[in-house]
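*Asks:* Protein chains in written order, with the working numbering: chain Z, 73 to 344; chain E, 58 to 352.
(1) For the putative contact between residue 290 of chain Z and residue 141 of chain Z, defined by C-beta atoms under 8 Å, what is the C-beta separation to the nearest angstrom?
(2) With a threshold of 7 Å, establish whether the CB of residue 182 of chain Z neighbours any heavy atom of the ligand NAP.
(3) Residue 277 of chain Z touches chain E at which residues, Cβ-Cβ below 7 Å?
(4) Should residue 271 of chain Z and residue 223 of chain Z be called a contact, given that it needs their Cβ atoms to be closer than 8 Å?
(5) Straight-line CA distance for residue 210 of chain E to residue 154 of chain Z?
(6) Could you confirm whether any beta carbon from chain Z is found closer than 8 Å to the beta carbon of residue 202 of chain E?
(7) Please tell me whether residue 63 of chain E has its Cβ less than 8 Å away from any Cβ of chain Z.
(8) Do the region 112-127 of chain E and the region 87-102 of chain E meet, that is, are 3 or more Cβ pairs less than 8 Å apart?
(9) Tell me whether the region 68-81 of chain E and the region 189-203 of chain Z touch, counting them as touching only if at least three CB pairs, one residue from each stretch, are closer than 8 Å.
(10) Excluding the 5 residues flanking residue 157 of chain E on each side, which residues of the same chain have their C-beta closer than 7 Å to its C-beta?
(11) Would you mind listing the alpha helix (DSSP H) stretches within the region 232-296 of chain E that are 4+ residues and don't spill past its ends, in chain order?
(12) For the putative contact between residue 176 of chain E and residue 239 of chain E, defined by C-beta atoms under 8 Å, what is the C-beta separation to the nearest angstrom?
(13) Would residue 139 of chain E pass as a contact of residue 339 of chain E if the rule is Cβ separation under 8 Å?
(14) Are residue 174 of chain E and residue 228 of chain E closer than 8 Å when you measure CB to CB?
(15) Just list the alpha helix (DSSP H) runs in the region 63-119 of chain E, keeping only unbroken ones of 4 residues or longer that don't cross its boundaries, in chain order.
(16) Can you tell me which of E:275, E:291, E:87 and E:325 puts its alpha carbon nearest to the alpha carbon of residue 276 of chain Z?
(17) Under 6 Å Cβ to Cβ from residue 209 of chain Z, same chain only, skipping five residues before and after it: list those, please.
(18) Can you tell me which of the three DSSP states residue 125 of chain Z falls into?
(19) Taking beta-carbon pairs under 9 Å, can you tell me which members of the region 202-226 of chain E lie near chain Z?
(20) Consult DSSP for residue 217 of chain E and reduce its assignment to one of helix, strand or coil.
(21) Taking DSSP as the reference, what is the three-state secondary structure of residue 292 of chain Z?
(22) Which of the residues in the region 95-111 of chain Z, read from start to end, lie with their CB under 9 Å from any CB of chain E?
(23) When the Cα of residue 323 of chain Z is compared with those of Z:180, Z:292, Z:311 and Z:76, which residue comes out closest?
(24) Strictly below 7 Å CB to CB, what residues from chain Z border residue 325 of chain E?
(25) In chain order, what residues of the same chain lie with their CB nearer than 7 Å to the CB of residue 64 of chain E, ignoring the 5 residues before and after it?
(26) Rounded to the nearest angstrom, what separates residue 328 of chain E and residue 142 of chain E at their Cα positions?
(27) Inspect the beta-carbon positions of residue 285 of chain Z and residue 205 of chain Z and report whether they are closer than 8 Å.
(28) Give me, in chain order, the residues of the same chain whose beta-carbon lies closer than 7 Å to that of residue 306 of chain E; leave out the 5 immediate sequence neighbours on both sides.
(29) Taking Cβ positions only, does residue 168 of chain Z come closer than 8 Å to chain E?
(30) Measuring CA to CA, which of Z:156, Z:329, Z:219 and Z:309 is closest to residue 114 of chain Z?
(31) At which residues does the alpha helix (DSSP H) containing residue 188 of chain E begin and terminate?
(32) Among Z:90, Z:85, Z:86 and Z:98, which one has its Cα closest to the Cα of residue 321 of chain Z?
(33) Mapping the DSSP letters down to three states, classify residue 277 of chain Z as helix, strand or coil.
(34) In whole angstroms, what separates the C-alpha of residue 159 of chain E from that of residue 130 of chain E?
(35) Which chain E residues sit within Cβ distance under 8 Å of residue 271 of chain Z?
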């Protein structure tokens, strides 16, 4: 009896804790649906909800453009990372050549270089090339991260040799073996890497903030921070909260759809 | 390892490998190695974009760091933030992982709630928490008012601003260490717990004698990973306090950012970046040693 009671109590306490944990997010969603008059009065629970803030966001602000920028940047970055990482990872895992270990270490060493330590020289480089406020500047430098190569190398190393030997018997060349044997096998690893890259690209802040100074080139993450200044007034409060919801919902959606892969990716990221 | 080149793979190994590796290495070289070298070179110059000054100064920038009180205080603030955030995040993540490590469906749902905030961007997280902590209308102020306390503007209080940033960071980043702990808990052999049960060990003894020792490596790993993450704190500070009140939360990365993008002293900023790189490389090396499985 006592044990059942204790179990129900711990269920209830943890559920309450989780709800409290979620409450800031739910509250912001509520604020984004609250009419201005209710926001001005400071009502906690408005009697009526409205989508007016979302309509303003669509009609007046640059948020739709920022949304498309984010989609383009994150999408391209994800596709390119998958291609570059699987090619390099395959070579490091499966093609014997002199100096392979050296190349692998050279690439893995890059994991220790934090973005914050090189964004300044990178910014100078792009300034000299007059490439700031372009999609190239938003995307290209982010393809240098070695995590994807590391992940794919580890994955390809674990694929049994027999898989390739079968292909060899068929006299398949290296490119065909890679495309038709190894890549299909790598689908789970590629999915994990792809989701991670997309999340990371969408939420990227420091580099797009210093590189894109023209509001037309903002990503949603950067654009959202440019709205923060005027959120104290109640006329724009609902609007700012609506833009926060719009900026976050794609990621919440990705997260809900691919939670399994994200959790696995995080575990891999720690145990590298 | 003997190098075997198979006949059916007609291209010589090194040429094929080069072709597979070249696309990534091009980006890696251009946007990681080159900026790194350029940063080291810049750090040896007195280089100011305003007035177009550029002159070799040797270790001048590094000596300047030693004398710069703002650099010292920003380093101290980063360290303070790290010292507050890392133990808090680690302890809360460990607690949540322990109580949620059950195969029940309810717990799977609860776990995802704690992971979910990690999918948000720093701008969304800070917007949410600026609102929550707002002294006149925020959730926190209402909660305090309900308990009969006067509203406090945490972010404007020199002593409370940093803890408020830590709480925001905790809310944002609890998922990752939780996942690591949950993975660590899954690896503890069940037999150990069954043996403890046979010995009528209390839950506390079981935790202290079995769970904690088995998690030692994971705990160390989480601590190092979190030190690496939190020492580089920037977005939350920039967006929530701008380093205030009274410069009490200005952190190292923010100072690097301001020195280069507000004061345009890119040479000096580059030398501070190099110092950050050095500290982080040491920490990453420790992480790599810790996370290598099987020793």
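Glycine is no exception: its CB is placed at the ideal position from the N, C-alpha and C atoms.
*Replies:* For this structure:
(1) 7 Å
(2) In the structure shown, the ligand NAP is absent, as is every other ligand, since no ligand is present at all.
(3) 178, 179, 180 and 292
(4) no
(5) 46 Å
(6) no
(7) Confidence at residue 63 of chain E is low in this model, with a pLDDT of 49, below 50, so the placement of that residue is unreliable and no value is reported for it.
(8) yes
(9) no
(10) 164, 167 and 168
(11) 232-243, 247-255, 260-263 and 273-288
(12) Their Cβ separation, rounded to whole angstroms, is 17 Å, which puts residue 176 of chain E and residue 239 of chain E out of contact at 8 Å.
(13) no
(14) yes
(15) 70-85 and 91-99
(16) E:291
(17) 198, 203 and 283
(18) helix
(19) none
(20) coil
(21) helix
(22) 95, 96, 97, 99, 100, 103 and 111
(23) Z:292
(24) Near residue 325 of chain E there are no residues of chain Z at all, since even the closest Cβ is about 10 Å away, more than 7 Å.
(25) Low local confidence applies: a pLDDT of 47 at residue 64 of chain E is under 50, so the model's placement there is unreliable, and no value is given.
(26) 26 Å
(27) yes
(28) 134, 218, 219, 222, 294, 298 and 300
(29) yes
(30) Z:309
(31) 179-189
(32) Z:98
(33) coil
(34) 45 Å
(35) 176
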